[in-house]
Amino acid sequence: MSRTDAAQDTLTSLGAARIAVAALLDGGVRSVVVAPGSRSAPMAYALAEASAAGKVELLVRIDERAAGFTALGLALATGAPVAVLTTSGTAVGNLMPAVMEANHAAVPLVVVSADRPEELRGTGANQTTVQLDLFGEHVRFAVDVPAGDSPQRAVDTALAAATGAFEDTPPGPVQLNLAFRDPLVPEAGERLPEQHGRGTFRIATEPLTMTLTHATADLPELRTVVLAGHDAGPVAEAFARAHGLPLLAEPSSNSRFGPNAVGPYRLLLEHFGPDSVMPIERVVVFGRPTLSRPVSALLARADVPAALYEPVPVAWYEPGRRRETPIASLTELAEFAGRGSSAWLDAWLLAGAAGQHALDGVLATADAATGPSVGAVVWQHTRGQLVLGSSNGIRDVDLAGQPATEPAATVFANRGLAGIDGTISTATGIALGGRQETTLLLGDVTFLHDAGGLLLGAGEGEPQLRIVVLNDSGGAIFSLLEHGAVAEAGGYGDAVERLFGTPHSVDIAALAAAYGVGHCAVSTTAGLAEALAAPFAGRTIIEVRTDRHELRALHRRIKAAVSAAVAGVLAE
633 MSRTDAAQDT
643 LTSLGAARIA
653 VAALLDGGVR
663 SVVVAPGSRS
673 APMAYALAEA
683 SAAGKVELLV
693 RIDERAAGFT
703 ALGLALATGA
713 PVAVLTTSGT
723 AVGNLMPAVM
733 EANHAAVPLV
743 VVSADRPEEL
753 RGTGANQTTV
763 QLDLFGEHVR
773 FAVDVPAGDS
783 PQRAVDTALA
793 AATGAFEDTP
803 PGPVQLNLAF
813 RDPLVPEAGE
823 RLPEQHGRGT
833 FRIATEPLTM
843 TLTHATADLP
853 ELRTVVLAGH
863 DAGPVAEAFA
873 RAHGLPLLAE
883 PSSNSRFGPN
893 AVGPYRLLLE
903 HFGPDSVMPI
913 ERVVVFGRPT
923 LSRPVSALLA
933 RADVPAALYE
943 PVPVAWYEPG
953 RRRETPIASL
963 TELAEFAGRG
973 SSAWLDAWLL
983 AGAAGQHALD
993 GVLATADAAT
1003 GPSVGAVVWQ
1013 HTRGQLVLGS
1023 SNGIRDVDLA
1033 GQPATEPAAT
1043 VFANRGLAGI
1053 DGTISTATGI
1063 ALGGRQETTL
1073 LLGDVTFLHD
1083 AGGLLLGAGE
1093 GEPQLRIVVL
1103 NDSGGAIFSL
1113 LEHGAVAEAG
1123 GYGDAVERLF
1133 GTPHSVDIAA
1143 LAAAYGVGHC
1153 AVSTTAGLAE
1163 ALAAPFAGRT
1173 IIEVRTDRHE
1183 LRALHRRIKA
1193 AVSAAVAGVL
1203 AE
């Protein structure tokens, strides 16, 4: 009996797709991003049926890379698994960047890749390649479901893996590779069920603050600092407050607030180094710190014991590869951290206040907007949700954004691999998933890298998204790295500017108009504050035009001013 004859007794492609969609919905998927294609048509039709019944929210994107990052953003905002559907061939490969980010950030992204049936593989059939192992170690689970087979068990297992249901395995991306044979369309006479309106779903979010029991007097007094990296959560702030310890929190930690939070902390660390009067004795880490070399240097010091709060498995490092001791319980972490003396906390708070005042003073002397001043203004004025692009944007906020008394916004960033790709699409997914006003801060290179993410098809839902583009006509971050010194030395002529600065002359206003997105341009922090305060609907771009060529000198002035101010208050 031929394979074709044997297939007659198996599921039709649309029948298998309907089982897959039902299993996805049963497993908690409420949103699916669809990229068009013929081989994936059975899934598209089955999803259209579920959408008409109000069971799932569908989003359509013509660019698979944008689709992948939109799904990633939806999953970040909702905490629920989100699926992205593609046809076969290179379409699947375009999901690789989003899958890599989801892997290292532990995001439940469900890749549903359509494929040719087995008899067409390896024959030179159109749009046919090896798809199952495409994502390698970046997925928690990958399975090939032959054409005609039920995908029920495969979907159930994939969703369990995606949501972290397996022991000692963090959440993360999975791949369902579903093969479909012709016919790929509904039978004649079939039609969509009666429309019940588009399904829209919102998952309840975690509280932005929490409280822990104050440290008991029997704990030893130690000069410990609490370092809150990406995705640390409000537990870091609560722990620092309960133990009387200074809190050094990155913006995307969602713990950069409260009475113990210290402002430009990365410029203060040298004042509490091994040769100082009050050296740091211990470090407690929440989340994943990624933003500054002074922090990395602190964590690398063998003379400073460090602990990492790890109540559940994480995806961003391999066990045994980091120096910090992983601790799963807050009780054990409290014993490690001890409690801070009032003198220890006061020294940090005084230094932080002096440093913040000095930094603000330097920024105030500039007539035009700069990266740090833009970061400070965006941080101060944002409510709802804030998305921070990689490169300088998030670091500008980390340097200049003054910690708030209470959290004003939920902060997101792609820090899994800290790439610049897909940032607009990620923010779009976050805005749609959170269903609230969202602000995105990013540089011009990051913006241009995902300009296609601005494309929304006719009838697609539009997010309430404000995009702040710091446009300095190139990649400013490299001037703050070693490459800036190479450029200053002059030995490589224009090579540094061309290879790293990547100058351009893109008309962002015209680009925005092409995509039907609102636009305004400002050049001062006052103008930016006014633009941020203005009401808006849908999407709008605030372009902040600035110059990057004096950025290295500006950072030198900031460091010198902060260092002098901090040394002064600590000497009193």
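Numbers 633 to 1204, taken from the numbering used here, label the letters of the sequence shown in order.
Every residue, glycine too, gets a C-beta built ideally from N, C-alpha and C.
Nonlocal neighbours in the same chain, by C-beta distance under 8 angstroms from residue i, ignoring five residues either side
i	result
Arg914	Leu854, Arg855, Thr856, Val857, Val936, Pro937, Ala938, Ala939, Phe968, Ala969 and Gly970
His1207	With the chain covering 633 to 1204 only, the question about residue 1207 has no answer from this structure.
Glu1152	Reading off the sequence shown, one finds Cys at residue 1152, where the question assumed Glu. Same-chain partners within the cutoff: Ala1163, Thr1172, Ile1173, Ile1174 and Glu1175.
Ala1203	none
Asp1076	Val1101, Leu1102, Asn1103, Asp1104, Ser1105, Gly1106, His1136, Val1138 and Ile1140
Beta-carbon spacing of residue i, residue j below 9 angstroms
i	j	result
Gln784	Ile651	yes
Thr719	Arg753	no
Tyr941	Val917	yes
Arg586	Ala929	The chain is shown from 633 up to 1204; residue 586 falls before or after that span and cannot be answered.
Gly1016	Gly705	no
Ile1140	Val1100	no
Ala1196	Ala1032	no
Ile1109	His1081	no
His875	Leu859	no
Leu741	Val714	yes
Phe798	Pro749	no
Ser1057	Phe767	no
Ala673	Ala737	no
Leu965	Asp781	no
Val688	Val744	no
Ser663	Ala703	yes
Val894	Leu879	yes
Thr1037	Pro891	yes
Own chain, CB closer than 7 angstroms to residue i, minus 5 neighbours either side, in chain order
i	result
Leu1020	Pro883, Ser884, Ile1026, Val1029, Val1043, Ala1045 and Leu1073
Glu1094	Leu1088, Gly1170 and Arg1171
Val1201	Leu982, Ala983 and Ala986
Tyr1124	Val1118
His846	Ala874
Val1198	Leu900, His903, Ala983, Ala986 and Gly987
Leu824	Ala680, Glu681 and Ala684
Thr843	Ala870
Where the beta strand (DSSP E) through residue i begins and ends
i	result
Ala860	Thr856 to Ala860
Gln1012	That residue, Gln1012, is in no beta strand (DSSP E); its alpha helix (DSSP H) goes Gly1003 to His1013.
Thr718	Val714 to Thr718
His1151	Gly1150 to Val1154
Ala1141	Premise fails: Ala1141 lies in the alpha helix (DSSP H), Ile1140 to Ala1146, not in any beta strand (DSSP E).
Asp747	Leu741 to Asp747
Asp999	Counting along the chain, Asp999 falls outside any beta strand (DSSP E), and DSSP gives it neither H nor E.
Leu879	Leu879 to Ala881
Residue i - partner residues in DSSP beta bridges
i	result
Arg914	Thr856
Phe1044	Val1019
Val664	Leu690 and Ala715
Tyr941	Ile959
Ile1174	Val1100 and Cys1152
Arg920	His862
Leu706	For Leu706, which the question treats as bridged, DSSP gives no partner whatsoever.
Thr1071	Leu1018 and Arg1098
Phe889	Ala1036
Val806	Val742 and Phe773
Ala811	Asp747
Cβ shell of residue i (< 6 angstroms), same chain only, five flanking positions each side left out
i	result
Arg888	Ala881 and Pro1035
Arg697	Asn726
Ser1005	Leu995 and Thr1157
Gly647	none
Ala1142	none
Gly1116	Arg1184
Ala836	Confidence at Ala836 is low in this model, with a pLDDT of 49, below 50, so its placement is unreliable and the value that follows should be read with caution. Correct list: empty, nothing qualifies.
Gly1150	Thr1172
Range of the contiguous alpha helix (DSSP H) that encloses residue i
i	result
Glu967	Leu962 to Ala969
Gly647	Ser645 to Asp658
Glu681	Ala673 to Ala684
Glu1120	Glu1114 to Ala1121
Gln988	Ser974 to Ala996
Phe1079	Asp1076 to His1081
Asp907	Segment: none, Asp907 is in no alpha helix (DSSP H) and carries neither H nor E.
Pro926	Arg925 to Ala932
His1187	Leu1183 to Ala1203
Pro896	No alpha helix (DSSP H) holds Pro896; DSSP gives it neither H nor E.
Heavy atom of the ligand SAM within 8 angstroms of residue i beta-carbon
i	result
Ala703	With respect to small molecules bound, the structure shown includes none, and the ligand SAM cannot be examined in it.
Interface flag, residue i vs chain B, CB-CB below 9 angstroms
i	result
Ser1022	Among the chains of the structure shown, chain B does not appear; only one protein chain is present.
| How about the stretch 762-781 and the stretch 1077-1085: do they share at least three Cβ pairs that are nearer than 8 angstroms? | no
| Any 3 or more C-beta pairs closer than 8 angstroms across the stretch 994-1002 and the stretch 900-912 | no
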